[in-house]
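Report on one structure; see the data block that follows.
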Amino acid sequence: MPPEAAVAAEPSAQQPSAPILQVDNIHTAYGKSRILFGVSLDVQPGEIVALMGRNGVGKSTTFRSIMGLTPPTSGRIVFQGQDITNAPPNRINRMGLGWVPEDRRIFPELTVWENLDVASTHGGDKAWDLARVTKLFPDLEPLMGRTGGYLSGGQQQMLTIARTLMSGPQLLLLDEPSEGLAPLVVRSVFDQVKALREQGLSIVLAEQNLEFVLDLADRVYILEKGEVRFEGTTDDVRSDKALRKRYLTV
Ligand SMILES: Nc1ncnc2c1ncn2[C@@H]1O[C@H](COP(=O)(O)OP(=O)(O)OP(=O)(O)O)[C@@H](O)[C@H]1O
Ligand SMILES: [Mg+2]
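Under the numbering used here, the first residue of the sequence shown is numbered 4, with each subsequent residue one higher.
Spelled out as structure tokens, the structure:
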């Protein structure tokens, strides 16, 4: 354990529940290029956990490992009690893990409605139907007929999240949702993430925007060079200027 790691979580009167996601000591490489060196993290049901760290530290690779897109070479990933370490991505998605990639991959030629409709095929009875998604994101409603490629950055981000919800996830991996967006738009993405939590979703949020994280997350993991260097509460990060300076862009 790194010296900065928090000793223990706040003592709680309640019995701790089983984590919804457990990442245990994963090592991940792209070919010969080794990227993650023993990353471990866990997420409790209903929690928002932030995965922080500067560019290139391995945040997206951690998500790719969890989703089975770049499976780890060693270590274990358990989702809702089931080992998913070497499961194919489509199965992992159907089990209830949703991934919102950082590059906002929507279909630019399809309308907003078509983008959502295409994504609803895997959901089965868990699927968030269109009505539920538009209730959560009412700003999407008037855009349903608009071509994806003509949406603003913030609208595309909203559509990317909404599309992932169509597969009915219990846990969402959100990769840098605020990146490249104007402050006002970041605020609305923030409100969307809050609304998701209120729906009972568990969220892992890869972010470099410290304000966004401090107001939203319960706990924080900080990566550097593919290793977890800090694990603690949001308050720990808020009160530790040296830590922020060392590992984050501030
Ligand atoms: N497909 C790939 N093939 C080879 N190397 C890769 C690939 N994708 C990422 N990398 C490398 O892996 C390292 C970690 O990248 P990763 O995308 O996980 O970082 P990140 O923390 O998400 O960074 P950012 O904040 O810039 O999104 C980087 O050095 C990157 O160049
Ligand atoms: Mg990334």
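Yeah, the Cβ is synthetic: ideal placement off N, Cα and C, and Gly gets one too.
Residues whose Cβ lies closer than 7 Å to any heavy atom of ligand 2, listed in chain order: LYS62, SER63, GLU105, ASP178, GLU179 and ALA209.
Taking PRO180 as reference, the option from ASP27, ASN28 and ILE164 with the minimal CA-CA separation is ILE164. Short note on ILE38: C-beta closer than 6 Å to some heavy atom of ligand 1.
In the DSSP assignment, VAL192 falls within the unbroken alpha helix (DSSP H) covering 186 to 201.
The continuous stretches of alpha helix (DSSP H) do not include LEU226, which lies in the beta strand (DSSP E) extending over residues 222 to 227.
For LEU208, the uninterrupted beta strand (DSSP E) segment begins and ends at 205 to 209. SER77 is bridged by DSSP to HIS30. Closest in C-alpha terms to GLU214, from the list GLU234, VAL240, LEU199 and VAL231, comes VAL240.
Under the Cβ criterion (8 Å, minimum of three pairs), the segment 230 to 244 does not count as touching the segment 194 to 208.
The Cβ neighbour count for THR76, taken over all protein chains shown within 10 Å, is under 16; the residue is labelled exposed.
Take THR114, set aside five residues on each side of it, and the residues of its chain with a beta-carbon closer than 8 Å to its own are MET147, GLY148, ARG149, THR150 and GLY151, in chain order. Excluding sequence positions up to five before and after GLU50, its CB lies within less than 6 Å of the CB of SER205 and ASP221, all in the same chain and listed in chain order.
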